Amino acid sequence: MNNIIASTALKARQLTDEEIHEIEHEKTHYPYAQAVGLEALKIVQKYQGWVSDESLLAVSEYLDIPPDDLEGVATFFNMIFRRPVGKNVILLCDSVACWMLGCDDLKAHITSVLGIEYGETTEDNLFTLIPVPCLGDCDRAPSMMVGRELYRNLTNEKIDQIIADYKAKA
Amino acid sequence: MASITIDGKVFEVDEKNNLLQECLSHAMDLPYFCWHPSMGSVGSCRQCAVVEYANEEDQKGRLVMACMTEPREGARYSIAAAAKFRAQAIESIMINHPHDCPVCEEGGECHLQDMTVMSGHTYRRYDGKKKTHNNQYLGPFINHEMNRCITCYRCVRYYKDYAGGTDFGPQASHDNTYFGRWQEGPLESEFSGNLVEVCPTGVFTDKPFSKHYSRKWDLQSSPSICTGCSVGCNTNPGERYGTLRRIVNRFNDEVNGYFLCDKGRFGAEYVNSPERIPVSMTRDSHNSDPVQIEPALAKDALKKAAKGAVAIGSPRASMEANYALRELVGEENFYAGISANELGMLNKIIDIYQNKPVNVASVKDIEGSDAVLILGEDLTNTAARLALGVRQSAKNLGRQMGADLNFPIWHDAAIRQLAMDKLSPLYILSPHTTRLDDIAHTSHISSAENSAKIGMAIAHAIDASAPAVEGLNKEEQALALEIAETLKSAKQALIISGTSSLEPALLDAASNIATALHSGNSKANLALVCSESNSMGLALMMQGSGKSIDEAMSAGAKTAIVLENDLYRRAASAKVDAFINSLDQLVVLDHLKNRTGEQANLVLAAATFAESSGTFVNYEGRAQHYYSTFKPDSNIRSSALWLSDKHFNEITADCAAAIANCAAILELTPGENYNFAGLKVPRQHHRYSGRTSMRANINVHEPKQEQDEDGVMVYSMEGVPAIKDAAVLNSPWVPGWNSNQSIFKFQEFAGGPLKQGSKGQRLIANNSTEKTWYEAGTSDFSAEGYKVFPVYHLFGSEELSAYTPAIQEKATSAYVSLSPEDAEKLGLKASDGVQVEHNGAVPFVVRKAIQPGTVGVSVGLKGLNFQDMSAAIALDKAAEWKNPDLWRAANIIVSDKREERVD
Numbered sequence: 000m001n002n003i004i005a006s007t008a009l010k011a012r013q014l015t016d017e018e019i020h021e022i023e024h025e026k027t028h029y030p031y032a033q034a035v036g037l038e039a040l041k042i043v044q045k046y047q048g049w050v051s052d053e054s055l056l057a058v059s060e061y062l063d064i065p066p067d068d069l070e071g072v073a074t075f076f077n078m079i080f081r082r083p084v085g086k087n088v089i090l091l092c093d094s095v096a097c098w099m100l101g102c103d104d105l106k107a108h109i110t111s112v113l114g115i116e117y118g119e120t121t122e123d124n125l126f127t128l129i130p131v132p133c134l135g136d137c138d139r140a141p142s143m144m145v146g147r148e149l150y151r152n153l154t155n156e157k158i159d160q161i162i163a164d165y166k167a168k169a
Numbered sequence: 022m023a024s025i026t027i028d029g030k031v032f033e034v035d036e037k038n039n040l041l042q043e044c045l046s047h048a049m050d051l052p053y054f055c056w057h058p059s060m061g062s063v064g065s066c067r068q069c070a071v072v073e074y075a076n077e078e079d080q081k082g083r084l085v086m087a088c089m090t091e092p093r094e095g096a097r098y099s100i101a102a103a104a105k106f107r108a109q110a111i112e113s114i115m116i117n118h119p120h121d122c123p124v125c126e127e128g129g130e131c132h133l134q135d136m137t138v139m140s141g142h143t144y145r146r147y148d149g150k151k152k153t154h155n156n157q158y159l160g161p162f163i164n165h166e167m168n169r170c171i172t173c174y175r176c177v178r179y180y181k182d183y184a185g186g187t188d189f190g191p192q193a194s195h196d197n198t199y200f201g202r203w204q205e206g207p208l209e210s211e212f213s214g215n216l217v218e219v220c221p222t223g224v225f226t227d228k229p230f231s232k233h234y235s236r237k238w239d240l241q242s243s244p245s246i247c248t249g250c251s252v253g254c255n256t257n258p259g260e261r262y263g264t265l266r267r268i269v270n271r272f273n274d275e276v277n278g279y280f281l282c283d284k285g286r287f288g289a290e291y292v293n294s295p296e297r298i299p300v301s302m303t304r305d306s307h308n309s310d311p312v313q314i315e316p317a318l319a320k321d322a323l324k325k326a327a328k329g330a331v332a333i334g335s336p337r338a339s340m341e342a343n344y345a346l347r348e349l350v351g352e353e354n355f356y357a358g359i360s361a362n363e364l365g366m367l368n369k370i371i372d373i374y375q376n377k378p379v380n381v382a383s384v385k386d387i388e389g390s391d392a393v394l395i396l397g398e399d400l401t402n403t404a405a406r407l408a409l410g411v412r413q414s415a416k417n418l419g420r421q422m423g424a425d426l427n428f429p430i431w432h433d434a435a436i437r438q439l440a441m442d443k444l445s446p447l448y449i450l451s452p453h454t455t456r457l458d459d460i461a462h463t464s465h466i467s468s469a470e471n472s473a474k475i476g477m478a479i480a481h482a483i484d485a486s487a488p489a490v491e492g493l494n495k496e497e498q499a500l501a502l503e504i505a506e507t508l509k510s511a512k513q514a515l516i517i518s519g520t521s522s523l524e525p526a527l528l529d530a531a532s533n534i535a536t537a538l539h540s541g542n543s544k545a546n547l548a549l550v551c552s553e554s555n556s557m558g559l560a561l562m563m564q565g566s567g568k569s570i571d572e573a574m575s576a577g578a579k580t581a582i583v584l585e586n587d588l589y590r591r592a593a594s595a596k597v598d599a600f601i602n603s604l605d606q607l608v609v610l611d612h613l614k615n616r617t618g619e620q621a622n623l624v625l626a627a628a629t630f631a632e633s634s635g636t637f638v639n640y641e642g643r644a645q646h647y648y649s650t651f652k653p654d655s656n657i658r659s660s661a662l663w664l665s666d667k668h669f670n671e672i673t674a675d676c677a678a679a680i681a682n683c684a685a686i687l688e689l690t691p692g693e694n695y696n697f698a699g700l701k702v703p704r705q706h707h708r709y710s711g712r713t714s715m716r717a718n719i720n721v722h723e724p725k726q727e728q729d730e731d732g733v734m735v736y737s738m739e740g741v742p743a744i745k746d747a748a749v750l751n752s753p754w755v756p757g758w759n760s761n762q763s764i765f766k767f768q769e770f771a772g773g774p775l776k777q778g779s780k781g782q783r784l785i786a787n788n789s790t791e792k793t794w795y796e797a798g799t800s801d802f803s804a805e806g807y808k809v810f811p812v813y814h815l816f817g818s819e820e821l822s823a824y825t826p827a828i829q830e831k832a833t834s835a836y837v838s839l840s841p842e843d844a845e846k847l848g849l850k851a852s853d854g855v856q857v858e859h860n861g862a863v864p865f866v867v868r869k870a871i872q873p874g875t876v877g878v879s880v881g882l883k884g885l886n887f888q889d890m891s892a893a894i895a896l897d898k899a900a901e902w903k904n905p906d907l908w909r910a911a912n913i914i915v916s917d918k919r920e921e922r923v924d
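Chains as they are written, first to last, in this note's numbering: chain A, 0 to 169; chain B, 22 to 924.
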């Protein structure tokens, strides 16, 4: 009966079978379906790369959480991406230890190599650069993560190599 | 009680309250933002810091937040010792706050301004960049200016936790914290307007007020009563340059507390409508053009017409106006301006309130109940403030759980965490889903007659001497037993019903259930909602007589005087047409142009609530007085003064003496001889500007002080305000507290009842302990066609507020609601309309939870007259249909439950 009144409101995306399967699995861990909100957003991000409005609405409908509540969760955690990101997200640590050991220079180097500032994505959609407060790896600072890989004791040369490796993989 | 020391002074405090509340109650100025008497403490803003000392020897102490502290017997605290911390806290709060007070609408009544000054942060050291945000469009009621936000979270705690809104929330974190909707769009809660008062600064401001803004101190105001429904919320209208600028809440411990609904706050601007009747007019025949007539001549003409006339009173006119009309024509010629069915129901309500062993429930009583049954009343749309009250009652289970674990009752976050989704039981029997379904244990879809039957069965299950009913199916029998058990085991059960369903049997059932619950000294709470601001007063005026509008129209008189009433909203159009055609003369007193007034021979320009004084009686039988806010143009008079030559106070006194149960309406004001050291109560703030210049473009001479009807207040800044012990509390203000938070200085304790001013007088006394029953009805409904039930809209169904632009934006044109089965049977597609028997064609909506064979018909919306509907009607697909311009399906919000939503 939804079609009886025309609506200009945003429509939810259909969740994929894999997404639904994983969300259902998470649901078994919690007494309320609503508690799965954050996990469901992570699952969607895992498959889609980021959480679009349509995805947010889909999770909201699937778990019966008001979209406003889910948006609160999605925006609170800064590793939930509400804007599209590149295939590889570079999380460069800018916390105290990494700052002392020259992360600002590393950032300048990445920017000169890839042509992106913090929060930006390369035109070939391969890399997004984001600062992160601490990776808990201070003893081997400066460090950064690309995707789920941690890279430590960084130098400009190491970074060139890492970027080249990811480009080669693409 | 506990004895504590604050800065060397000993105070007796209630250890059940938090330390902040006790400090405020003892007249200390301790800053705060996030605490609110209705919402408890969360300790988020760090403004109410004090120092607590461990023992007598302790010199250093430790910082605690007063709002999160239980006063300990013998403990020692210092407010002064934490002054530096509070100044630092507010300095950091203020870092991102813009320096825009001169252009901010909150300026001059801003809690943040007050607290910043109070805590001593008077110089800004931060010269860096400030964080800025985008603002959202939040609909016609509220402006959004996020840059001013100090992240105290009060808005979220009010909107979501208190009012049950779902379309608003906090986003992001630290410097990016944002309060708004997921996506731009009108706020859906019917109580969104309270954000304006809940926000301590100017993030949320009153949008209609922006269009003709004036500073608080430049507004002339008075204690008033909302005309939107039968709850009678207390309001403070503000006027400048002869137009009503805004409505704010006026605290009444027992009625509205701190909160109004959006119709009450934004629905009063009909006072400024271009549809107002500005002057009295007359004409010889129906066809000739009306001509203006001087007030004195109009009054003469009215008096002449009164001889042998029938007079039709009004449920939206004051007691005084109705009484003056009754005096003018004689009791025998005075008729209530409502249908026989409604009058019969109102008379029944009075009988129940008077003679059944029940406790008539105020909003405060409703909030205190721990099991609620609503019979056929869509509260959110017919008496919205009660719906907000019921929402609070649902939280009592959580409070009880907290109390069992010795949690302090004010510890809001802890109690919410503890309760999670556990709510006190709420049962709703209604022909359609309602906006309270999200907190209801069970929402049972059933016609009004059937709900009455279930109600009778509930009463019988509680007390076997109550009459039994037959004809319920198994499921409904089980439901009745379940509800009976729930109500019986509650500490304070509450039954709510009312007149909006048009079904008298529902009142019988409600009365029987409440009666059945009576045992020993305990009485069940009962609230029976009426339709308009003075429905109950009009019924009291009729003193049990059944003289309805139907009788008035068949009385055979040649002249009729109609007081503030559009007859087409009371009876079928054809009947009203025939009645008006049979008259030689139709006299109408009203504020706004309507179908009845358009046909009158004599129209008298009547003052609205804002320009006149009077008494309304709310659904509980509580009489409340409203004082005129400003003097109208000389062509406009209050209806009571058009109809009578007596002084206004004499009319009130005569009414009190002549009408049964009404003696107490005389005690609502301190009386016309009231003065304090020879002075009256001012309507204007002592900082009111422009007194000598505001009329200078007309005449440089200041006009003589106008007299008002009551003789208690003056249209001036001269006089003795409540802060200097006047008996009437107008707009609250005390030095250092310019915002509405200053109200606590006028309360017996912070959040408690007011020291000055009237909370109204309950007119209907009840000492009954005897159980008497209404018999179950036998009528079984059977008629051809779709069975009609009324559907109300908070925005649009009520006559007066529907003239207000902001309300019109939230309203829609008339429509019918159908079940999916019936929509399919009628072959309806999305773009179709429905042809309604005896009426035109209208758009339709499909609602899953409507019983097939029934149709919900909107009341009061443009495009369809509910009075022209019979009990069952034929429906057809409309030929060549185009939705009307006023049709706004998005404004129809039927439920928070996703599956019931029409979108």
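Glycine included, each C-beta is placed from N, C-alpha and C at the ideal position.
Computed from a prediction, not measured in an experiment: that's the story for all the values here.
Listed along chain B is no residue with a C-beta nearer than 8 Å to that of D93(A); the closest approach is about 15 Å. The beta-carbon separation of D853(B) and W902(B), rounded to 6 Å, stays under the 8 Å limit for a contact. Between the segment 281-299 of chain B and the segment 242-253 of chain B there are three or more C-beta pairs closer than 8 Å, enough to call the two in contact. Under DSSP, S464(B) shares a beta bridge with I449(B).
Interface annotation for the segment 68-83 of chain A against chain B: D68, L69, E70, G71, A73, T74, F75, F76, N77, criterion Cβ-Cβ distance under 9 Å. Looking at the DSSP output, Q241(B) sits in a beta bridge with E260(B).
Contact with chain A is found for R202(B), since one of that chain's Cβ atoms lies less than 8 Å from the residue's Cβ.
Here D68(A) is not bridged, per DSSP, to any residue. Residue nearest to G285(B) within the set G389(B), E553(B), S231(B), D182(B) is E553(B) (criterion: CA-CA distance).
Taking the C-beta atoms as reference points, L450(B) is found nearer than 8 Å to L396(B). Counting only runs of 4+ residues, the alpha helix (DSSP H) found wholly inside the segment 32-119 of chain B occupies 40-46, 104-115, in chain order. Taking a C-beta distance under 8 Å as the contact criterion, Y813(B) and T403(B) qualify as a contact pair. For T256(B), same chain residues with a beta-carbon under 6 Å away, outside a window of 5 residues either side, are S245, C247, I268, R271 in chain order. Between F54(B) and C131(B), the C-beta gap is not smaller than 8 Å, which leaves the two residues out of contact. Between P905(B) and S818(B), the beta carbon gap of about 17 Å keeps them out of contact (Cβ cut-off 8 Å). Identification of chain B residues near P65(A) by a Cβ-Cβ cut-off of 7 Å yields T187, D188, ordered along the chain.
Linking E60(A) to R412(B) through their CA atoms gives a straight-line distance of about 24 Å. Distance between A184(B) and D305(B), taken at the CA atoms: about 54 Å. Rounded to whole angstroms, the Cβ separation of V866(B) and S838(B) is 5 Å, and the two are in contact under 8 Å.
Remark: C-beta atoms of A405(B) and C551(B) do not approach each other more closely than 8 Å. The C-beta distance from Q157(B) to T74(A) rounds to 14 Å, too long to meet the 8 Å contact threshold.
In the three-state scheme derived from DSSP, where H, G and I count as helix and E and B as strand, N761(B) is classed as helix. The Cβ atoms of Y640(B) and A548(B) lie closer than 8 Å to each other. Counting only runs of 4+ residues, the alpha helix (DSSP H) found wholly inside the segment 466-496 of chain B occupies 469-483, in chain order. Here G118(A) is actually not in contact with I109(A); their C-beta atoms are around 13 Å apart, not less than 8 Å. Distance check between I371(B) and each of G558(B), A482(B), L607(B) places G558(B) closest, using alpha-carbon atoms only. Counting the other CB atoms within 10 Å of its CB gives V863(B) a total of 16 or more, which places it among the buried residues.
Taking a beta-carbon distance threshold of 8 Å, P191(B) counts as an interface residue toward chain A. The beta-carbon distance between I298(B) and D611(B), rounded to whole angstroms, is 6 Å. This is short enough to meet the 8 Å contact definition. For G492(B), the closest of D227(B), H120(B), A338(B), M477(B) by C-alpha to C-alpha distance is M477(B). Counted as a single uninterrupted DSSP element, the alpha helix (DSSP H) harbouring K385(B) occupies residues 384-388.
DSSP places L323(B) in the uninterrupted alpha helix (DSSP H) bounded by 316-327.
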